[in-house]
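Residue numbers (full-length UniProt numbering), protein chains in the order written: chain A, 1 to 230; chain B, 1 to 365.
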Amino acid sequence: MTDWLGPDEWRAVALSLKVSFWATCLSLPFGLWVAHLLARRDFAGKQVINGLVHLPLILPPVVTGYLLLTSFGTQGPVGRLLEPFGIVFAFRWTGAALAAAVMAFPLMVRAMRLSIEAVDPKLEQAAATLGASRAWVFVTVTLPLILPGILAGAILAFAKAMGEFGATITFVSNIPGQTQTVPSAIYAFLQVPGGESSAWRLVIVSVIIAMSALLISEWLARRANRRVAA
Amino acid sequence: MTLGVILRHRFEGFELDVAFDAPPGITVLFGRSGTGKTTIINAVAGLLKPDEGRVATEDWVLFDTSTNHWVPPHKRRLGYIFQDARLFPHLTVRQNLAYGQWFAPKSAPREDMSRIVDMLGLGDLLSRRPAALSGGEKQRVAIGRALLACPRLILADEPLSSLDEARKAEILPYFERLRDETKVPILYVSHAATEVARIATSVVALDKGRVTGQGPAAEVLSDPAVTPLGVRAAGAMITARVTAHHADGLSTLRAEGSDLLMPRVTQPEGTDVRLWIGAQDVMLAIVRPDGISALNILDVTIRDLRVGTGPGVIVQLSFGRSVLLARVTRRSAEALNLHPGQSVFAVLKAVSLPRDAVGDVMNRT
Numbered sequence: 001m002t003d004w005l006g007p008d009e010w011r012a013v014a015l016s017l018k019v020s021f022w023a024t025c026l027s028l029p030f031g032l033w034v035a036h037l038l039a040r041r042d043f044a045g046k047q048v049i050n051g052l053v054h055l056p057l058i059l060p061p062v063v064t065g066y067l068l069l070t071s072f073g074t075q076g077p078v079g080r081l082l083e084p085f086g087i088v089f090a091f092r093w094t095g096a097a098l099a100a101a102v103m104a105f106p107l108m109v110r111a112m113r114l115s116i117e118a119v120d121p122k123l124e125q126a127a128a129t130l131g132a133s134r135a136w137v138f139v140t141v142t143l144p145l146i147l148p149g150i151l152a153g154a155i156l157a158f159a160k161a162m163g164e165f166g167a168t169i170t171f172v173s174n175i176p177g178q179t180q181t182v183p184s185a186i187y188a189f190l191q192v193p194g195g196e197s198s199a200w201r202l203v204i205v206s207v208i209i210a211m212s213a214l215l216i217s218e219w220l221a222r223r224a225n226r227r228v229a230a
Numbered sequence: 001m002t003l004g005v006i007l008r009h010r011f012e013g014f015e016l017d018v019a020f021d022a023p024p025g026i027t028v029l030f031g032r033s034g035t036g037k038t039t040i041i042n043a044v045a046g047l048l049k050p051d052e053g054r055v056a057t058e059d060w061v062l063f064d065t066s067t068n069h070w071v072p073p074h075k076r077r078l079g080y081i082f083q084d085a086r087l088f089p090h091l092t093v094r095q096n097l098a099y100g101q102w103f104a105p106k107s108a109p110r111e112d113m114s115r116i117v118d119m120l121g122l123g124d125l126l127s128r129r130p131a132a133l134s135g136g137e138k139q140r141v142a143i144g145r146a147l148l149a150c151p152r153l154i155l156a157d158e159p160l161s162s163l164d165e166a167r168k169a170e171i172l173p174y175f176e177r178l179r180d181e182t183k184v185p186i187l188y189v190s191h192a193a194t195e196v197a198r199i200a201t202s203v204v205a206l207d208k209g210r211v212t213g214q215g216p217a218a219e220v221l222s223d224p225a226v227t228p229l230g231v232r233a234a235g236a237m238i239t240a241r242v243t244a245h246h247a248d249g250l251s252t253l254r255a256e257g258s259d260l261l262m263p264r265v266t267q268p269e270g271t272d273v274r275l276w277i278g279a280q281d282v283m284l285a286i287v288r289p290d291g292i293s294a295l296n297i298l299d300v301t302i303r304d305l306r307v308g309t310g311p312g313v314i315v316q317l318s319f320g321r322s323v324l325l326a327r328v329t330r331r332s333a334e335a336l337n338l339h340p341g342q343s344v345f346a347v348l349k350a351v352s353l354p355r356d357a358v359g360d361v362m363n364r365t
């Protein structure tokens, strides 16, 4: 594998995996919280939250990237706030992870929300009558029943993060070894003469990763339905 | 321990206003669907917050709106048996049974798992998941799960209504045993007269969100003024002893000094049973009928007649110390000049006595 891919190509694949991994892991708890909020609670402004979560799905990725740049960049309000703590996003791989996380968030929340909604609230009521507090109901009943949904959401988010291009390149540019993920690398290879073979190899890697993610997520979703319907 | 319930709650187009006491044993909330039975039980469970009311025992207040006292459901120490068993699909039968025990306070008196498993016949099911259980098995697990939660109060919301006759017959004896063995008050919602006659210690009859009658089961059920399911489903409950089983598929039961023949019952000779006799199935004659196919002719005295707006009359009959109900037409009542104090004959076809109307009698000491 390492021989088949050149060093630049390999670096892009490794960076993409790192970026997607952290983007998925760090947005997971937040995504679960938002999904639970949207599925189980009624509150004023629920539609606003719902809209904000889904915004990256419908906005042009370049717009999302530009908004990230103006708010999380070194001159942006949030970026300036975080800089003293050593958290810098601009033109770093962390920025690529943030862009990927934001772009993948709607998919993650959607998958989790659907699986939470599939859990019969009557089961949660039954658990309460048996002495379980709200937190225990979530841990012992809701969470085990939606686990496949959570995994499916995470895998979808991971795959989306692997393929993110527009927001990433707008926010953190295309620096080899720093912010050049697989899609950015493919784009860069296609800009130079003789880069097609490198691009093709990365295309194949992308297809394999995307296909496996989709298959695993479908399989988990089917398992989830079986369990909840039982 | 007696549970006192006072509730007022207004929905759109429906108002619940009830007050009743639930003594130890099974108190059946009896009425048609839509009379507020489930609302009452959900308020007692804390799943619904009523506009006004108080639910408390002698030493324990679950909620009292006048003092703003509200114990959340998970702290009420309930055993709630739902109509749909509501077992946790991701847990095995054993884990489902143990679920309530995880949360019961350490000081609570522990119910022994193996005793409950034996009583409900769950031994072979423990490692299965709910998806692999039949409806009757699921409901038995749900009963076990509620009992094992060390409840101070058991609630059952039509636990048998989703089951067929065979499964009902399989589960009813467990409630009869529960009634006789536990000291915890049990609130049981039902709209089936035979079920009520079999298991109730006391009955709270409900109609349109109001209590229309409450008291010991035999009294409420044989009161012609209280017909929660309408006159068609009126009937009375008597106690009888099985005295003989016959080769032709009949059994003799002795009640109030008379013999009753009915389709063979499952209880052995010598056992006392409760028997529900529908008012529809009782005919009246002013002279002893002769040459009639009906096997049971009982000497009874008319206590009361209740004439409603319909064509029928409910006749309340003294049968020894028990009470029977008969439903006849107003035309017959007039033609026979039926009146209180009159001695008449109650005619009862053996085949019209349903087998599922026979239940074990309470042997509370």
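All C-beta atoms in this analysis are idealised placements derived from N, C-alpha and C, irrespective of residue type, glycine included. Being a predicted model, the structure only gives us computed values, none of them experimental.
Sequence-distant residues of the same chain with beta carbon closer than 7 Å to residue i, five excluded per side
{"i": "Ala285 (chain B)", "result": "Val344, Phe345, Val347"}
{"i": "His339 (chain B)", "result": "Ile302"}
{"i": "Thr243 (chain B)", "result": "Thr252, Leu253, Arg254, Glu269"}
{"i": "Glu52 (chain B)", "result": "Arg8, Thr65"}
Cross-strand partners of residue i (DSSP beta bridge)
{"i": "Asn296 (chain B)", "result": "B:Leu348"}
{"i": "Tyr99 (chain B)", "result": "Paired residue(s): none; Tyr99 (chain B) is not in a bridge."}
{"i": "Thr27 (chain B)", "result": "B:Leu187, B:Ser202"}
{"i": "His9 (chain B)", "result": "B:Leu16"}
{"i": "residue 381 (chain B)", "result": "There is simply no residue 381 (chain B) to check, as chain B begins at 1 and stops at 365 in what is shown."}
{"i": "Glu52 (chain B)", "result": "B:Arg8"}
Given residue i as reference, the closest of the options once Cα atoms are compared
{"i": "Ser322 (chain B)", "options": "B:Val265, B:Glu334, B:Gly235, B:Ser134", "result": "B:Gly235"}
{"i": "Met112 (chain A)", "options": "A:Leu151, A:Gly166, A:Arg92", "result": "A:Leu151"}
{"i": "Val204 (chain B)", "options": "B:Ala142, B:Arg152, B:Thr227", "result": "B:Thr227"}
{"i": "Val34 (chain A)", "options": "A:Thr74, A:Leu98, A:Met108", "result": "A:Met108"}
{"i": "Val313 (chain B)", "options": "B:Phe319, B:Thr35, B:Ile302", "result": "B:Ile302"}
{"i": "Ala166 (chain B)", "options": "B:Ala149, B:Ser134, B:Ile81, B:Arg331", "result": "B:Ser134"}
{"i": "Leu214 (chain A)", "options": "A:Ile87, A:Ile186, A:Gln180, A:Phe158", "result": "A:Phe158"}
{"i": "Val28 (chain B)", "options": "B:Thr266, B:Leu126, B:Ala217", "result": "B:Ala217"}
{"i": "residue 255 (chain A)", "options": "B:Arg129, B:Leu91, B:Val18, B:Ala335", "result": "Nothing about residue 255 (chain A) can be read from this structure; chain A reaches only from 1 to 230."}
{"i": "residue 374 (chain B)", "options": "B:Asn42, B:Ala326, B:Phe11, B:Phe319", "result": "Absent from the model: residue 374 (chain B). The displayed extent of chain B is 1 to 365, so no value can be given."}
{"i": "His36 (chain A)", "options": "A:Thr129, A:Leu5, A:Arg134, A:Ser197", "result": "A:Arg134"}
{"i": "Asp59 (chain B)", "options": "B:Leu353, B:Arg179, B:Gly359, B:Met1", "result": "B:Met1"}
{"i": "Leu5 (chain A)", "options": "A:Ser197, A:Ser217, A:Glu218", "result": "A:Ser197"}
{"i": "His245 (chain B)", "options": "B:Ile143, B:Thr266, B:Lys349", "result": "B:Thr266"}
Cutoff 8 Å; reference residue i; Cβ partners in own chain excluding five residues on either side
{"i": "Ser71 (chain A)", "result": "Pro77, Val78, Gly79"}
{"i": "Gly195 (chain A)", "result": "Ala188, Phe189"}
{"i": "Arg288 (chain B)", "result": "Ile297, Phe345"}
Under 8 Å between C-beta atoms of residue i and residue j
{"i": "Pro176 (chain A)", "j": "Arg11 (chain A)", "result": "yes"}
{"i": "Leu250 (chain B)", "j": "Leu153 (chain B)", "result": "no"}
{"i": "Thr168 (chain A)", "j": "Ala100 (chain A)", "result": "yes"}
{"i": "Pro148 (chain A)", "j": "Ala221 (chain A)", "result": "yes"}
{"i": "Ile26 (chain B)", "j": "Ile171 (chain B)", "result": "no"}
{"i": "Ala146 (chain B)", "j": "Gly79 (chain B)", "result": "yes"}
{"i": "Thr140 (chain A)", "j": "Ala132 (chain A)", "result": "yes"}
{"i": "Gln83 (chain B)", "j": "Glu158 (chain B)", "result": "yes"}
{"i": "Leu7 (chain B)", "j": "Pro73 (chain B)", "result": "no"}
{"i": "Leu47 (chain B)", "j": "Gln125 (chain A)", "result": "yes"}
{"i": "Thr170 (chain A)", "j": "Leu82 (chain A)", "result": "no"}
{"i": "Lys18 (chain A)", "j": "Trp93 (chain A)", "result": "yes"}
{"i": "Arg179 (chain B)", "j": "Met119 (chain B)", "result": "no"}
Rounded straight-line distance, which links the Cα of residue j to that of residue i
{"i": "Lys160 (chain A)", "j": "Ala199 (chain A)", "result": "19 Å"}
{"i": "Ile58 (chain A)", "j": "Phe165 (chain A)", "result": "15 Å"}
{"i": "Thr39 (chain B)", "j": "Val196 (chain B)", "result": "19 Å"}
{"i": "Pro24 (chain B)", "j": "Pro185 (chain B)", "result": "5 Å"}
{"i": "Leu163 (chain B)", "j": "Ala118 (chain A)", "result": "25 Å"}
{"i": "Gly163 (chain A)", "j": "Val203 (chain A)", "result": "11 Å"}
{"i": "Asp281 (chain B)", "j": "Leu160 (chain B)", "result": "25 Å"}
{"i": "Phe11 (chain B)", "j": "Pro173 (chain B)", "result": "36 Å"}
{"i": "Pro311 (chain B)", "j": "Leu97 (chain B)", "result": "52 Å"}
{"i": "Gly215 (chain B)", "j": "Leu324 (chain B)", "result": "17 Å"}
{"i": "Met1 (chain A)", "j": "Leu15 (chain A)", "result": "In this predicted model, Met1 (chain A) has a pLDDT of only 49, less than 50, meaning its place in the structure is not dependable; the value taken from the coordinates is given anyway. Using only the alpha carbons, I get a separation of about 16 Å."}
{"i": "Asp360 (chain B)", "j": "Trp276 (chain B)", "result": "12 Å"}
{"i": "Val71 (chain B)", "j": "Leu156 (chain A)", "result": "42 Å"}
{"i": "Val300 (chain B)", "j": "Gln342 (chain B)", "result": "9 Å"}
{"i": "Ala230 (chain A)", "j": "Thr181 (chain A)", "result": "Note that Ala230 (chain A) scores 49 on pLDDT, short of 50, meaning its location in the model is unreliable; the coordinates nonetheless yield the value given after this. Spanning the two alpha carbons is a distance of roughly 42 Å."}
{"i": "Thr365 (chain B)", "j": "Glu181 (chain B)", "result": "The predicted position of Thr365 (chain B) is uncertain, since its pLDDT is 35 and thus under 50; no value can be drawn from it."}
Within chain E, partners of residue i - CB distance below 7 Å
{"i": "Val141 (chain A)", "result": "Considering every chain present, this structure includes no chain E. Its protein chains are A and B."}
Same chain, Cβ closer than 6 Å to residue i, five either side skipped, listed in chain order
{"i": "Arg77 (chain B)", "result": "Pro151, Arg152"}
{"i": "Val172 (chain A)", "result": "Phe91, Gly95, Ala96, Thr179"}
{"i": "His54 (chain A)", "result": "Pro106"}
Residue i Cβ short of 7 Å to the ligand PLP heavy atom set
{"i": "Arg288 (chain B)", "result": "No copy of the ligand PLP occurs in the structure displayed, which carries no ligand at all."}
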